[in-house]
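**Student:** Could you have a look at this structure, given as C-alpha cells, before my questions?
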Amino acid sequence: MNIKELAKTIDTAALKAKAVAQLTLKSKFSEQDAYAIQAASLERRYKRGEKLIGIKMGFTSVAKMKQMGVHDMIWGRLTDTMLMKEGSQFDLDQFIHPRAEPELCFLVKKTIDHILSLNDIGEYIEAVAPAIEIIDSRFKDFKFSLEDVIADNCSSAGLVVGKWQSHNMPLGNLKIELEINGKAVHTGSSKDILGDPWKSVLAATRLANQYEQVIPEGAYLMAGAATPAVYLNAKNEVTAHVEYMDSVSFSVK
Ligand code: OOG
Ligand code: MG
C-alpha cells in the first residue's frame, strides 16, 4: 500500500470528476492509513493553492449511517474551492454524482488546538448557520467502505452556508428539512445529529486533535447531515430549512 499513490488516485478522480474503483478492493488498509491518504490528498490540493477553511463531521446521524451502510463517525477537511455562495448556481459537470444534505454549520471564534468540552463553547464558537453540504463520492456508484470514504476526504465536494446567527438558543431539537423544487424530500431534527449537534462539535475537536489538525479561527465546522442525502439533477432548486433560522439555497443549472 502506497499512501502517496492512493492519494494521487483519489485526488485525480476529484479533479477530473471521474469515478474510480474503491481503493480497498485492491489494497487493505486501516482507518489510520485512510486518514493518512486523506491528509496526503489534501497536501496536493494545498500545493495547487487551495486553502483549508474548516472541517466536517460525517455519519453523525443514524439516517446517514444507514443510507451508506457504515458504522462510525468520520471527519474530513473543507477547502476554499468547495465554498459556494448562497443562492449561487452550479454546473453538474464539475461533479461525478453529487448529492445534497441539510446541515448545521458552526463558525470558529478562536483557534482550536485541543479537545473542547461543553464549557468551552462560548469561548471558541462564534455562531451557527443553516447549511447544505454537497457530497460527491469519487467511487463508482457512490459505494465505499469506511476506510475508502475517509481516504476520499469523506466525499467532501461543496458547501453552502446561510446566515450566521447567535448560538445562544437551544439547538437540541430543531426541525431540519431538505426541499427540492419546492417539495420537502427529507425531514429530520437536529437531535438526530448525535442527540445534540454540540456533541458533533466536541467530537470534531476530539478527532482533529487525534490527527493533529488545528481548527483555525474563522473556520467552518459542519456538524453532519440530519437526514439522508439526495442526488442532484439539472434544474434543481435546493433549499434547507432549519427551524428558527433563515433558509439557505442554491440551484443547479
Ligand atoms: C460521506 C459523508 C458523510 C455526513 O454529513 O454524514 C457526511 C458520504 O455520505 O458520502 O457528510
Ligand atoms: Mg455531510
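Note that our numbering has the sequence shown beginning at -16, numbered continuously upward. C-beta atoms are modelled at their ideal positions from N, C-alpha and C, and glycine is treated no differently. In this text the structure is predicted, and so the values were computed from the model without any measurement.
(1) Using a Cβ-based criterion (distance less than 7 Å to any ligand heavy atom), does Ala208 qualify as near the ligand OOG?
(2) Exposed or buried, what is Thr94 when buried is set at 16 or more other beta-carbons lying within 10 Å of its beta-carbon?
(3) Distance check for Trp181 and Phe205, CA to CA, integer angstroms please.
(4) How about Ile118 and Gln21: are their beta carbons less than 8 Å apart?
(5) Since Tyr203 sits in a beta bridge, which residues does DSSP pair it with?
(6) Can you look up Met65 in the DSSP assignment and give me helix, strand or coil?
(7) Could you check which residue in Ile176, Ala202 and Asp131 has the C-alpha nearest to that of Val53?
(8) What three-state label does DSSP hand Thr(-8) in the structure shown?
(9) Here's the rule I'm using: 16 or more other beta-carbon atoms within 10 Å means buried, otherwise exposed. How should Gly41 be labelled?
(10) Taking 7 Å as the limit between beta carbons, can you name the residues of its chain near Ala2, skipping five residues before and five after?
(11) Ala114 and Val231: beta carbons closer than 8 Å?
(12) Can you tell me where the alpha helix (DSSP H) with Pro180 in it begins and where it stops?
(13) With H, G and I counted as helix, E and B as strand and the rest as coil, what does DSSP make of Phe122?
(14) What are the start and end residues of each continuous beta strand (DSSP E) run of 3 or more residues lying completely inside the region 107 to 158, in chain order?
(15) Any idea if Arg189 is buried or exposed, counting beta-carbon neighbours within 10 angstroms, 16 or more meaning buried?
(16) How many Å lie between Gly141 and Ser71 at the Cα?
(17) Is Gly141 close to the ligand MG? I mean its beta-carbon at under 7 Å from any heavy atom of the ligand.
(18) Is the beta carbon of Ala209 less than 8 Å from the beta carbon of Arg82?
(19) Determine the extent of the alpha helix (DSSP H) in which Val45 is found, giving its start and end residues.
(20) If you reduce the DSSP assignment to three classes, tell me which class Tyr227 lands in.
(21) In angstroms, rounded to a whole number, what distance separates the CA positions of Met51 and Ile176?
(22) Any heavy atom of the ligand MG inside 7 Å of the beta-carbon of Met205?
(23) Going along the chain, which residues of its own chain have a beta-carbon closer than 7 Å to the beta-carbon of Asn164, five neighbours each way excluded?
(24) Residues bridged to Gly59 by DSSP?
(25) Using only the alpha-carbon positions, how far apart do Thr170 and Val225 sit?
**Tutor:** Quick answer:
(1) yes
(2) exposed
(3) Here residue 205 turns out to be Met, not Phe, going by the sequence shown. Computed Cα separation, rounded: 11 Å.
(4) no
(5) Gly37 and Leu90
(6) helix
(7) Asp131
(8) helix
(9) buried
(10) Ala(-4), Ile79, Arg121, Phe122 and Lys123
(11) yes
(12) Pro180 to Gln193
(13) strand
(14) 108 to 118 and 139 to 144
(15) exposed
(16) 12 Å
(17) no
(18) no
(19) Val45 to Met51
(20) coil
(21) 16 Å
(22) yes
(23) Asn219 and Glu220
(24) Lys39
(25) 10 Å
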